[in-house]
Amino acid sequence: MIKQLLVLPGADAGKLACPNETPSLPSISRQPDVQMMEADGPYKVSYQIPYDAECEWQETGKMWYDIYTQQLKVCHSGTWKAAKTSQAAPSNLIQPVPQLDYFVEHQQVVGPAPSIDIHVFTIPGEGLFVVMANYNNHQRKQKSMMFKWENESLLPYQNISTYSPSSWTSFQIGRHFYLAVTNMQKSSTQAVTESVVVYKWHTKKKKFKFHQDLPSSVPRDVEYFEINGNHYLAVANHRASQSANNTSYNYSTRSFIWKFEKDEKLFREFQKIPTVGAWDWTYFSTLSQSGDLFHFLVVANTINSKQEVQLESKIYYWNQLMAGGLGNFEEYNQNIPTSGATDFEHFEIDGESYLAVANSIKSVQLDNQNGRHSTVSVIYKANKFTQRFDVFQEISTYGIIDWEYFTIGNDSYLIASNQRPGHMSDETTNQLATKETTIYRWKGTEKFVPSNKIEAAPAADWEVIQDGRQTYLIYANGAGATTQIYRAKLR
Numbered sequence: 042m043i044k045q046l047l048v049l050p051g052a053d054a055g056k057l058a059c060p061n062e063t064p065s066l067p068s069i070s071r072q073p074d075v076q077m078m079e080a081d082g083p084y085k086v087s088y089q090i091p092y093d094a095e096c097e098w099q100e101t102g103k104m105w106y107d108i109y110t111q112q113l114k115v116c117h118s119g120t121w122k123a124a125k126t127s128q129a130a131p132s133n134l135i136q137p138v139p140q141l142d143y144f145v146e147h148q149q150v151v152g153p154a155p156s157i158d159i160h161v162f163t164i165p166g167e168g169l170f171v172v173m174a175n176y177n178n179h180q181r182k183q184k185s186m187m188f189k190w191e192n193e194s195l196l197p198y199q200n201i202s203t204y205s206p207s208s209w210t211s212f213q214i215g216r217h218f219y220l221a222v223t224n225m226q227k228s229s230t231q232a233v234t235e236s237v238v239v240y241k242w243h244t245k246k247k248k249f250k251f252h253q254d255l256p257s258s259v260p261r262d263v264e265y266f267e268i269n270g271n272h273y274l275a276v277a278n279h280r281a282s283q284s285a286n287n288t289s290y291n292y293s294t295r296s297f298i299w300k301f302e303k304d305e306k307l308f309r310e311f312q313k314i315p316t317v318g319a320w321d322w323t324y325f326s327t328l329s330q331s332g333d334l335f336h337f338l339v340v341a342n343t344i345n346s347k348q349e350v351q352l353e354s355k356i357y358y359w360n361q362l363m364a365g366g367l368g369n370f371e372e373y374n375q376n377i378p379t380s381g382a383t384d385f386e387h388f389e390i391d392g393e394s395y396l397a398v399a400n401s402i403k404s405v406q407l408d409n410q411n412g413r414h415s416t417v418s419v420i421y422k423a424n425k426f427t428q429r430f431d432v433f434q435e436i437s438t439y440g441i442i443d444w445e446y447f448t449i450g451n452d453s454y455l456i457a458s459n460q461r462p463g464h465m466s467d468e469t470t471n472q473l474a475t476k477e478t479t480i481y482r483w484k485g486t487e488k489f490v491p492s493n494k495i496e497a498a499p500a501a502d503w504e505v506i507q508d509g510r511q512t513y514l515i516y517a518n519g520a521g522a523t524t525q526i527y528r529a530k531l532r
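For what it's worth, this note's numbering labels the leading residue of the sequence shown as 42, then goes sequentially.
Here's what the structure looks like:
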């Protein structure tokens, strides 16, 4: 609000001006060489702009527009100071906060094969991309498709050779952008082990090119994170590599953490962590009650060599004092009881930290008729006082593989990638079936409640595409090569 408006008679020479045949909005131009403004008129007024001048206490609260800095200034404490303005307030007044009403089908996307993972990422200066982990049970080598988001749709962009891929991740180190994929089978040139393959973005060719091979053991997931300016990849090795004459699986193995060496511009082995049928790594950081930042890694242990799925998934924390001050991960003082865990999803709401676990299977000895995939997945809440994760909410799930957290406006949502029709009338069949996927909305003291449903094929993964104010959902169709993008309709 303007406190005082000072009008100088004749200063604008408005009475002497002729009407403009092509009128336009006025603009103020900065003229740094002009220190005096004069106006010809009946009063011949001449005045000096108080550029960087002091003001008297009697002028406190007066405002004027400085054409040299193009700022509105106010007299405060004896000096002219730039008035603080809020850019967000006018925008919020013009555009209401978006609220989800429902989802509609937006685009069908056809890949080269079924997909078990989808990764959405943005390359600075290039745009938004989506890459699929296309998996073919009948052949080892299968190209995975990468798409580019243009004009509100996905267009094929690049094929990348993969070998039974299971997950993708992306990351940026300095000016360089990378992709990493977990190959669960060996390529024709690999004689010993499976691997995680790192690709690097070629700025001139605008394609991803091979960068490095990281030896692994049936890797299910790769997770990127950064601590204290150092870059790491955590690889979840599902089980030990199997020889041709060995028919049994050994799920007790070690998962690797790789560190990026800036001098070599390559990842090198950093730490080995014992895991049991590891399916997923999730990195997150939280603030303690005292304001200290803690770094965590949590592993989803799925199954052991006895075919047991009722296991404990472990949390690890970063101890900077270990390894001669270089730091590494140590086992935390809490384990999470899980049942065939396949994913952990970390998110924050109103400053509180949550951890959702996807429990995919009750027992391998049961069949669908006896509720093999009917489980309870659990959301944990971080307790800043006890520094533990407390059970917060339980949600019934059916062969869930992945949780995905997203926001629209001020609202928070969770969507579960339920793969099995465990809650439908065809529960007794062993076939994957089209079913409804439930979206849960955060409602404070009511916690997460069902809010929307999407009829989709059994999904191995859900991901969110944000394009300005518009939100889209895309899923990985593990049963077919065609997937669907859904667009949020807002209120």
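From the three backbone atoms N, C-alpha and C, an ideal C-beta is built for every residue, glycine too.
- In the pairwise beta carbon analysis, the segment 315-333 is classified as touching the segment 424-441: at least three pairs are separated by under 8 angstroms.
- Only residues of its own chain outside the window of five on either side were considered, and among them Ala221, Val263, Tyr265 have a CB closer than 6 angstroms to the CB of Thr210, listed in chain order.
- With contacts defined as CB atoms closer than 7 angstroms, His147 and Arg528 qualify as a contacting pair.
- As computed with DSSP, Ala275 is found in a beta bridge with Glu264, Ile298.
- DSSP lists Asn200 as the bridge partner or partners of Met186.
- With fewer than 16 other CB atoms across the displayed protein chains lying within 10 angstroms of its CB, Gly215 is exposed.
- The Cβ neighbour count for Ser236, taken over all protein chains shown within 10 Å, is at least 16; the residue is labelled buried.
- Residue state for Thr486 is assigned as helix, using DSSP reduced to three classes.
- In the three-state reduction of the DSSP assignment, Gln99 falls in the helix class, which pools H, G and I.
- Between Tyr176 and Phe188 the beta-carbon gap is near 17 angstroms, outside 8 angstroms, which marks them as no contact.
- With respect to Asn291, Ala281 sits close: the two C-beta atoms are nearer than 7 angstroms.
- Around the beta carbon of Asp508, a 10 Å sphere encloses fewer than 16 other beta carbons of the protein chains shown; the residue is thus reported as exposed.
- By the Cβ-count criterion, Arg413 is buried, with 16 or more other Cβ atoms from all chains shown falling within 10 Å of its own Cβ.
- Ranked by Cα distance from Arg482, the options Val145, Leu455, Lys250 are led by Leu455.
- Here Ile344 carries a coil assignment [DSSP, helix/strand/coil].
- Cβ contact annotation for Trp359 (same chain, cutoff 7 angstroms, sequence separation greater than five): Ile268, His336, Gly368, Phe370, in chain order.
- Within a 10 Å sphere around the beta-carbon of Lys114 sit 16 or more other beta-carbons, which makes this residue buried.
- In this structure, the straight-line span from the alpha carbon of Asp333 to that of Gly392 is close to 14 angstroms.
- In the three-state DSSP reduction, Tyr143 falls in the strand class (E or B).
- Counting C-beta pairs closer than 8 angstroms gives three or more between the segment 342-359 and the segment 311-318, which meets the contact rule.
- The bridge partners DSSP lists for Glu305 come to none.
- Just measuring C-alpha positions, the residue of Phe388, Val405, Leu169, His217 sitting nearest Ile420 is Phe388.
- The closest CA to that of Ala522, considering only Val151, Tyr143, Thr101, Pro137, is found on Val151.
- Across the structure, Thr524 and Gln149 are spaced so that their CA atoms are roughly 6 angstroms apart.
- At a Cβ-Cβ threshold of 7 angstroms, Ser258 and Thr294 count as neighbours.
- Pairing Ser205 with Gln226 gives a Cβ-Cβ distance under 7 angstroms.
- In the DSSP assignment, Arg510 falls outside any beta strand (DSSP E), carrying neither H nor E.
- Taking each of Asp304, Val350, Asp384, Phe301 in turn and checking the Cα distance to Val339, the smallest one comes out for Asp384.
- The continuous stretches of beta strand (DSSP E) do not include Thr244, and DSSP gives it neither H nor E.
- Of the candidates Ile390, Ser156, Thr416, Phe433, Ile390 places its Cα closest to the Cα of Ser453.
- Short of 8 angstroms from the beta carbon of Phe489, and not among the five residues preceding or following it, lie these beta carbons of its own chain, in chain order: Ile420, Gln434, Ile436, Leu455, Tyr481, Arg482, Trp483.
- For Glu193, same chain residues with a beta-carbon under 7 angstroms away, outside a window of 5 residues either side, are Asp508 in chain order.
- The C-beta of Leu362 has fewer than 16 other C-beta atoms within 10 Å across all chains shown, which makes the residue exposed.
- When DSSP reads this structure, Gly168 sits in a beta bridge with Ile164.
- As the crow flies, the alpha-carbon of Tyr446 is around 28 angstroms from that of Lys300.
- Here Arg510 is exposed: its Cβ has fewer than 16 other Cβ atoms, across all protein chains shown, within 10 Å.
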